[in-house]
Amino acid sequence: MTIDETRENVASHRIADSLRSSILGGELLPGERIRQEDLADRFGASRIPVREALRVLQADGLVTLVANSGAWVSRLTMAECIEAYQIRERVEPLLLRTSMPNLTETDVAALQTMADLMERDDSVDLFMRTDREFHLATYAGAPPSMLSTFIRRLWNTTQHYRRAYSQLVRAPSIGVTHMEHHLLVDCIRRQDADDAERVLVMHIQRTRLELQKHPEIFE
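Take -19 as the starting number for the sequence shown in our numbering and just add one per residue.
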């Protein structure tokens, strides 16, 4: 790899990381246009690393690229979002079951700390970051696979809508969410995969059912 190619590779990772944070953090909203020339100016880069960064984010489910047209932050219709949640209800319990035997006492303690933090702090931003970290950590014991990659992509594409849900249910329903987090930690600690699957299905399903009540989120 030449020096120029190395620089472009570093630049594409830097651009992708920054855009990923902006999208997942809610700074860039679904359907928002991403202009390649603006990114090139902002990062002092050529179009090549910008295009590569956008292709990476497209693979992550965060960006939609349209040939000869441009790039946009990915968005879902209500039907697509509901379908994504129905898929999650079926496949995430499988990944959790695969992961659980490999989670250590240290891992469980970290999950407990995250569950406690979410319950103590009422910030939506903190909840969104920690909730994502919490659930992905419950899957971290599973070996890398097509399933884990697929689930991470589903989490990416539904991130905005989970944020909207979190803003809708701050009280009193958020208490049920916290309870479910604690139940998941307890199931993992006891290595009870059957209970863990049931709690997780209920946890994901509640979000889907709440989102179905609010079509305005998808307008």
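Note that CB positions come from ideal geometry on N, CA and C, so glycine has one too.
If only uninterrupted beta strand (DSSP E) runs of at least 3 residues are considered, those enclosed by the stretch -17 to 71 are 43 to 46 and 50 to 53. Excluding sequence positions up to five before and after Ala33, its CB lies within less than 7 Å of the CB of Ser(-8), Ile(-5), Ala(-4) and Leu(-1), all in the same chain and listed in chain order. The Cβ-Cβ distance between Ile168 and Leu83 falls below 7 Å. Out of Ile3, Cys61, Asp96 and Leu4, the CA that lies nearest to the CA of Asp166 is found in Asp96.
Under the three-state reduction of DSSP, Tyr141 is assigned to helix. Between Leu8 and Val53, the gap from beta carbon to beta carbon is short of 7 Å. Listed in chain order, the alpha helix (DSSP H) elements of length 4 or more contained wholly in the stretch 77 to 158 are 85 to 100, 104 to 118, 126 to 137 and 139 to 148. In the pairwise beta carbon analysis, the stretch 115 to 123 is classified as touching the stretch 69 to 80: at least three pairs are separated by under 8 Å. Counting C-beta pairs with one atom in each stretch, the stretch 179 to 188 and the stretch 60 to 75 have three or more that are closer than 8 Å, which means they touch. In this structure, Glu160 keeps its C-beta atom at 7 Å or more from the C-beta atom of Val181. Scanning its chain for C-beta atoms nearer than 6 Å, with the 5 sequence neighbours on each side dropped, one finds around Ala25 the residues Ala(-9), in chain order. As the crow flies, the alpha-carbon of Ile131 is around 9 Å from that of Leu75. Contact annotation, Met126 with Asp111: C-beta distance approximately 24 Å; criterion of less than 8 Å not satisfied. A check of alpha carbon separations from Asp40 across Ser1, Gly50, Glu177 and Arg100 identifies Ser1 as the nearest.
In the structure shown, the three-state DSSP call for Gln185 is helix. Taking all protein chains in view, the Cβ of Thr157 is crowded by 16 or more other Cβ atoms within 10 Å, so the residue is classified as buried. Sequence-distant partners of Gln16 (beyond 5 residues in either direction) whose C-beta falls short of 8 Å from its own C-beta, in its chain, are Arg27, Val30, Arg31, Leu34, Gly50 and Ala51. At a Cβ-Cβ threshold of 7 Å, Arg55 and Gly6 do not count as neighbours.
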